[in-house]
Amino acid sequence: MSVCTFNDCTNHAIPGSVKCSFHKNRRQCKSKDCNNQVYARNLCVRHGGKKQCHYDGCDSYARGGNYCIQHGGIVVKRFCSVEGCAKQAHAKQLCVRHGGGRLCRTTGCQHHAREGGLCHKHNQNSNPHALTTTVKAEVRTPTTDAVTPFTASTHVDLDQLTPLPLLTDVDFVVPDLASNMYSKWLQLTQDVLWTLHPDLMGISYAGLLPAAMTTASPPMPPPYVPKLPPTYD
Numbered sequence: 000m001s002v003c004t005f006n007d008c009t010n011h012a013i014p015g016s017v018k019c020s021f022h023k024n025r026r027q028c029k030s031k032d033c034n035n036q037v038y039a040r041n042l043c044v045r046h047g048g049k050k051q052c053h054y055d056g057c058d059s060y061a062r063g064g065n066y067c068i069q070h071g072g073i074v075v076k077r078f079c080s081v082e083g084c085a086k087q088a089h090a091k092q093l094c095v096r097h098g099g100g101r102l103c104r105t106t107g108c109q110h111h112a113r114e115g116g117l118c119h120k121h122n123q124n125s126n127p128h129a130l131t132t133t134v135k136a137e138v139r140t141p142t143t144d145a146v147t148p149f150t151a152s153t154h155v156d157l158d159q160l161t162p163l164p165l166l167t168d169v170d171f172v173v174p175d176l177a178s179n180m181y182s183k184w185l186q187l188t189q190d191v192l193w194t195l196h197p198d199l200m201g202i203s204y205a206g207l208l209p210a211a212m213t214t215a216s217p218p219m220p221p222p223y224v225p226k227l228p229p230t231y232d
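Using numbering that gives the first Met the number 0, read the sequence shown as starting at 0 and increasing by one per residue.
What follows is the structure in structure tokens.
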């Protein structure tokens, strides 16, 4: 079977005609060897079916009179005929919301047509090569390197925590009051770390001490006494 004579149409021509069933009532451009559809005055757009701008040297098409938009043409927009609606009309002098848009040609679908007479959903289903975006939820598995946030819902059994003995062989000298406060702070820090990370229960206090506290303090230099200038009698 022969193919329809119009450009870019791959439908089969109906018997006894050079046009398909879709283009059987469409006229063909009268220009020689042109297979475009007539737009106006028996001509397609390429061969003068659209009126060109009357401005000298302008090849654009006239819009709203004898001139294009750039040279003074005025396009009067049609608005929806429903009272109180200021949206632009599409079909039947109605906007899309009030029934001016075309519905999807799929049976039972109430969505508006977007491309090829189909809505977005049915257009993707009809095209197997359409690109679809799939959103996958990431499931993060806890690791020992990640820091687990502490929330109020975290259940910790304090009876199962075994306290570590305090470190007594650290070589540094501090006052008794500061030593007691530091030991309490160290014990509290240890309990918090064990509560959040039970896998750190094998760590000793030496790993929690700052480097400056594990070495003996250097001797203090003698105070600086400035020399007075000599006096002359």
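Using N, Cα and C, we set each Cβ at its ideal position, and we do this for glycine too.
Beta-carbon within less than 8 Å of residue i's beta-carbon, same chain only, minus the 5 sequence neighbours each way: which residues are those?
i: Leu102; result: Cys108, Gln109, His110, His111, Ala112
i: Gln51; result: Cys57, Asp58, Ser59, Tyr60, Ala61
i: Arg40; result: Gly47, Gly48
i: Asn24; result: none
i: Lys91; result: Gly98, Gly99
With which residues is residue i paired in a DSSP beta bridge?
i: Gln51; result: Tyr60
i: Glu233; result: It is not possible to answer for residue 233, since the shown part of the chain is limited to 0 through 232.
i: Gln36; result: Gln27
i: Ala90; result: Leu93
i: Leu102; result: His111
i: His11; result: Val2
i: Leu42; result: Ala39
Excluding the 5 residues flanking residue i on each side, which residues of the same chain have their C-beta closer than 7 Å to its C-beta?
i: Leu42; result: Cys28, Lys29, Ser30, Gly48
i: Asn6; result: Asn34, Asn35
i: Cys84; result: Cys94, His97
i: Val75; result: Gly63
i: His70; result: Cys52, Tyr54, Cys57
i: Ser152; result: Here Ser152 scores only 48 on pLDDT, less than 50, and its place in the model is too uncertain to base an answer on.
i: Tyr66; result: Cys52, His53, Tyr54, Gly72
Thinking C-beta only, is residue j closer than 8 Å to residue i?
i: Asn124; j: Gly115; result: no
i: His89; j: Val95; result: yes
i: Thr233; j: Val17; result: The first residue shown for the chain is 0 and the last is 232, placing residue 233 beyond what the model contains.
i: Asn99; j: Cys79; result: The question names Asn, but residue 99 is Gly in the sequence shown. Yes, these two residues count as a Cβ contact at 8 Å.
i: Val37; j: Arg45; result: no
Closest to residue i by C-alpha separation, out of the options, would be which residue?
i: His22; options: Val2, Arg40, Asp32, Ala39; result: Val2
Which of helix, strand or coil does DSSP assign to residue i?
i: Val81; result: coil
i: Val2; result: strand
i: Glu137; result: For Glu137, the predicted model reports a pLDDT of 49, less than 50, meaning its position is unreliable; a value from the coordinates is still stated below. Note: Glu137 maps to coil in three-state DSSP.
i: Ala145; result: Low per-residue confidence applies at Ala145: pLDDT is 46, beneath 50, and the placement is therefore not dependable enough to give any value.
i: Gln293; result: Past the edges of the chain, shown from 0 to 232, lies residue 293, and the structure says nothing about it.
i: Ser277; result: Residue numbering for the chain in the displayed model covers 0 to 232; residue 277 lies beyond these limits and cannot be assessed.
Under 6 Å Cβ to Cβ from residue i, same chain only, skipping five residues before and after it: list those, please.
i: Arg77; result: Ala88
i: Ser20; result: Ile13
i: Lys120; result: none
i: Thr105; result: His121
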